[in-house]
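Notes for the one structure printed next.
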Amino acid sequence: ILNVEQSPQSLHVQEGDSTNFTCSFPSSNFYALHWYRWETAKSPEALFVMTLNGDEKKKGRISATLNTKEGYSYLYIKGSQPEDSATYLCAFNSGGSNYKLTFGKGTLLTVNP
Amino acid sequence: DGGITQSPKYLFRKEGQNVTLSCEQNLNHDAMYWYRQDPGQGLRLIYYSQIVNDFQKGDIAEGYSVSREKKESFPLTVTSAQKNPTAFYLCASSILGSNQPQHFGDGTRLSIL
């Protein structure tokens, strides 16, 4: 079973702070790295799917980077807002014909107003 | 609106009973997935299907069964052989491909009476 690690497990920030967290994954057999946001009482929502080493993707105040050689991805949130409070999940796809994702345990972000 | 519908939202099972969780999608996605979430753990893949009338075991398939008779539907049966069925179950679907994001339902919480 593949090992996908996310850190920190949880963090609290003040409104307006910028923050970032990490996803570590195996550096071999890389096909794609997914990021999802999961708000309480809602379904997980896809943020980014990253496939190339050095990829940077941005969606509003949220951006992500990818380093497949060393096996990590960072998710950045600029100027955090209370509505950014959620669990952020990363998931690793090692390819093959099955498109299976292995998920990390997530980082729980709480943004205090 | 296109999306994934899981029902019921809450489900209670007596010891020794089989129960079936429903998952329907109208996104015309070929691939469908079932995940289980337990406290402190990442989403774990139970079963997945890439085409009608075909499905594969995920990482924790023991005690579960699925069918894929229609493209839109991928029901999960939790059998009496599943010794620890209390969990939150998420269904997802996607276009085939490692760079395709998964779309999730709202989940079903199963509890044992």
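The listed protein sequences correspond, in order, to chains A and B.
No gaps in the numbering here: position 63 of the first sequence is 63 in my numbering, and each next residue is one more.
No gaps in the numbering here: position 87 of the second sequence is 87 in my numbering, and each next residue is one more.
Just so it is clear, CB atoms sit at the ideal spot from N, CA and C, and this is done for glycine as well.
What you are looking at is a predicted structure, and each value in this text was computed from that prediction instead of being measured.
Work out the CA separation of leucine 108/A and proline 29/B for me, nearest whole Å. One detail in the question is off: residue 29/B reads as histidine in this sequence, not proline. One C-alpha to the other measures close to 30 Å.
Please list the terminal residues of the continuous beta strand (DSSP E) segment that includes asparagine 18/B. Segment: none, asparagine 18/B is in no beta strand (DSSP E) and carries neither H nor E.
Cβ pair alanine 91/A, valine 13/A closer than 8 Å: no
For lysine 70/B, the first and last residue of its enclosing beta strand (DSSP E): Unbroken run through lysine 70/B: none, as it is neither H nor E.
For aspartate 106/B, which residues in chain A fall below 9 Å Cβ to Cβ? Ala41, Lys42, Ser43
Skipping 5 residues on each side, what residues in its chain have a beta carbon closer than 7 Å to that of threonine 86/B? Leu110, Ser111, Ile112
Compute the beta-carbon to beta-carbon distance between glycine 79/A and serine 18/A, rounded to the nearest angstrom, for a pair I have assumed lies under 8 Å. 6 Å
Please list the partners that serine 98/B has in chain C, where partner means a Cβ-to-Cβ separation under 7 Å. The question asks about chain C, but that chain is absent: this structure's protein chains are A and B.
Taking aspartate 84/A as the reference, which of Gly104/A, Leu52/A, Asn20/A has the closest Cα? Asn20/A
For the stretch 4-67 of chain B, which segments carrying the beta strand (DSSP E) assignment without a break, of at least 3 residues, lie completely within its bounds, in sequence order? 4-7, 10-13, 19-25, 31-37, 44-51, 54-57, 64-66
Can you tell me where the beta strand (DSSP E) holding alanine 41/A begins and where it ends? Premise fails: alanine 41/A is in no beta strand (DSSP E) and is neither H nor E.
On the criterion of 16 or more Cβ atoms from any shown chain inside 10 Å, does phenylalanine 104/B qualify as buried, or is it exposed? buried
Leaving out five residues on either side along the sequence, give the residues of the same chain with a beta carbon under 7 Å from the beta carbon of valine 49/A. Ala32, His34
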